[in-house]
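Just below is one structure, and these are the notes that go with it.
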Amino acid sequence: MLEKIKNAAAYIQSEISIQPEIGIILGTGLGGLVKEINIKHTIPYEQIPNFPVSTVEGHSGKLIFGELGGKNVVAMQGRFHFYEGYDMQQVTFPVRVMKFLGIQKLFVSNASGGVNPDFEIGDLMIINDHINLFPSNPLIGKNISELGPRFPDMSDAYNKDLIVKAKAVAAANNIKVQEGIYAGLTGPTFETPAEYKYVFSVGADAVGMSTVPEVIVARHMGIPCFAMSIITDLGVPGKIVQVTHEEVQHVAAQAEKKMTLIMKELIKII
Ligand code: HPA
1340 MLEKIKNAAA YIQSEISIQP EIGIILGTGL GGLVKEINIK HTIPYEQIPN
1390 FPVSTVEGHS GKLIFGELGG KNVVAMQGRF HFYEGYDMQQ VTFPVRVMKF
1440 LGIQKLFVSN ASGGVNPDFE IGDLMIINDH INLFPSNPLI GKNISELGPR
1490 FPDMSDAYNK DLIVKAKAVA AANNIKVQEG IYAGLTGPTF ETPAEYKYVF
1540 SVGADAVGMS TVPEVIVARH MGIPCFAMSI ITDLGVPGKI VQVTHEEVQH
1590 VAAQAEKKMT LIMKELIKII
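Here my numbering runs 1339 ahead of the position in the sequence shown, where the first position is 1.
Below you can see the structure in the form of structure tokens.
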């Protein structure tokens, strides 16, 4: 795997003239951040050696290089989900490559279902911890010691300093933010009422289908992570209604401005 990562990074380096210090996974709710990036280079995933190949849609996304808030960034427009049929190594491969491009921090966004009864639809939640409910872990298999340790610490999965700074940015801009624990599971089904109850009972505040694998791999390599979620629906007894992908996208689009602002301002001050 190491050779594959190095080859992908070497190809990208031959195409770009900047050295990114921040990696961003533009999940649900951060699509608009692209407009804020002063773009220098764009590389479609298809062109990058060893990058996962899109199975369903015609194109799987691209890496965007540019300047945001005075920093050089690399942003993934389009991420790979476990439910699409990629294995955990494929889902997390781009994070490995971004490390070899030099990123020192990783920013991630997603949409999730809120199971904390204090949450409302449209809330933003700063993720301060996670519970891996995927049936696997991207680090299973032979450990590559050049990448990180066999048994990585996860006590600081979501960087506390970045959380403090993000909360300050939110407060300064009058944006309400929740903070809580994200449970990651496979999907693609949304949860049954019993599953939402289960997720809450094990200690989560929200549940979604991404982020956990990427953060595990980033922490394996020692990269500090910051992640935010848009609560697009509620898995709270008495408030459970049908969830559709369209509704998730609709709510996320409405919260997008707030999330974009926090990410951009946070990147500026770190
Ligand atoms: N469950 C899982 N993933 C999600 C949800 C949910 O309720 N909402 C948005 N992504």
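Glycine residues also receive a C-beta, built at the ideal position from the N, C-alpha and C atoms.
Which residue from the options puts its Cα closest to that of residue i?
i	options	result
glutamate 1459	Leu1440, Gln1517, Glu1485	Gln1517
cysteine 1564	Gly1370, Val1373, Asp1468	Asp1468
glutamine 1443	Gln1358, Thr1431, Pro1491	Gln1358
asparagine 1449	Ile1606, Ile1608, Gln1588	Gln1588
threonine 1367	Phe1539, Thr1599, Val1430	Thr1599
alanine 1510	Gly1523, Lys1481, Leu1463	Leu1463
glutamate 1354	Pro1576, Pro1383, Ile1364	Pro1383
lysine 1578	Ser1540, Val1454, Ile1483	Val1454
phenylalanine 1473	Glu1553, Tyr1497, Gly1405, Val1413	Glu1553
isoleucine 1351	Phe1529, Phe1404, Leu1478, Ser1568	Phe1404
aspartate 1492	Lys1499, Lys1481, Ile1466, Ile1555	Ile1555
serine 1356	Leu1372, Lys1379, Ile1364, Lys1343	Lys1379
serine 1451	Ile1608, Glu1604, Glu1586	Glu1586
lysine 1343	Glu1406, Phe1432, Leu1402	Phe1432
asparagine 1476	Gly1461, Leu1524, Val1508, Gly1519	Leu1524
serine 1568	Val1580, Gly1519, Val1373, Gly1480	Gly1519
arginine 1418	Gly1408, Phe1446, Leu1440	Phe1446
asparagine 1471	Ser1484, Asn1482, Ala1496, Gly1441	Ala1496
methionine 1340	Val1582, Val1412, Pro1391	Pro1391
valine 1503	Ala1349, Ile1609, Thr1583, Val1373	Ile1609
valine 1413	Ile1562, Leu1478, Leu1365, Pro1456	Leu1365
asparagine 1512	Ile1483, Lys1596, Lys1481	Lys1596
alanine 1591	Asp1572, Val1373, Gln1428, Tyr1521	Asp1572
Examine ligand 1 and report whether any of its heavy atoms sits within less than 6 angstroms of the Cβ of residue i.
i	result
valine 1551	no
valine 1587	yes
phenylalanine 1421	no
Which first and last residues belong to the alpha helix (DSSP H) in which residue i is found?
i	result
methionine 1598	1584–1608
valine 1336	Since the first residue of the chain shown is 1340 and the last is 1609, residue 1336 is not available in this structure.
isoleucine 1344	1341–1354
lysine 1506	1499–1511
lysine 1536	1532–1540
histidine 1469	Not the alpha helix (DSSP H): histidine 1469 falls in the beta strand (DSSP E), residues 1463–1471.
proline 1383	It is not in any alpha helix (DSSP H) - proline 1383 instead sits in the beta strand (DSSP E) that spans 1377–1383.
valine 1556	1551–1559
Check the C-beta distance from residue i over to residue j and give it rounded, since I have them as a contact under 8 angstroms.
i	j	result
lysine 1438	methionine 1548	Not confirmed; about 23 angstroms, so no contact.
valine 1546	valine 1538	5 angstroms
alanine 1347	asparagine 1377	Actually they are not in contact, since the Cβ atoms of alanine 1347 and asparagine 1377 sit about 24 angstroms apart, beyond 8 angstroms.
glycine 1526	tyrosine 1422	4 angstroms
isoleucine 1465	lysine 1410	Going by Cβ atoms, the distance from isoleucine 1465 to lysine 1410 rounds to 20 angstroms, so no, they are not a contact pair.
arginine 1558	leucine 1486	With 8 angstroms as the limit, arginine 1558 and leucine 1486 do not qualify as a contact, their Cβ atoms being about 11 angstroms apart.
alanine 1533	leucine 1605	Actually they do not touch by this definition, with Cβ atoms about 37 angstroms apart.
glutamate 1530	glycine 1574	6 angstroms
valine 1508	isoleucine 1570	The Cβ separation is near 19 angstroms, so there is no contact.
Using a Cβ cut-off of 7 angstroms (strictly closer), state whether residue i contacts chain B.
i	result
glycine 1487	Judged by its chain identifiers, the structure shown contains no chain B, having just a single protein chain.
What is the residue span of the beta strand (DSSP E) that residue i lies within?
i	result
alanine 1545	1545–1547
valine 1412	1410–1416
phenylalanine 1404	1401–1407
glutamate 1644	It is not possible to answer for residue 1644, since the shown part of the chain is limited to 1340 through 1609.
methionine 1567	1564–1573
phenylalanine 1446	1444–1453
glycine 1424	Segment: none, glycine 1424 is in no beta strand (DSSP E) and carries neither H nor E.
Inset, instruction - Give me every residue whose Cβ sits closer than 7 angstroms to any heavy atom of ligand 1, in chain order. - result: Ala1450, Ser1451, Gly1452, Gly1526, Phe1529, Glu1530, Val1546, Gly1547, Met1548, Thr1571, Asp1572, Gly1574, Val1582, Val1587
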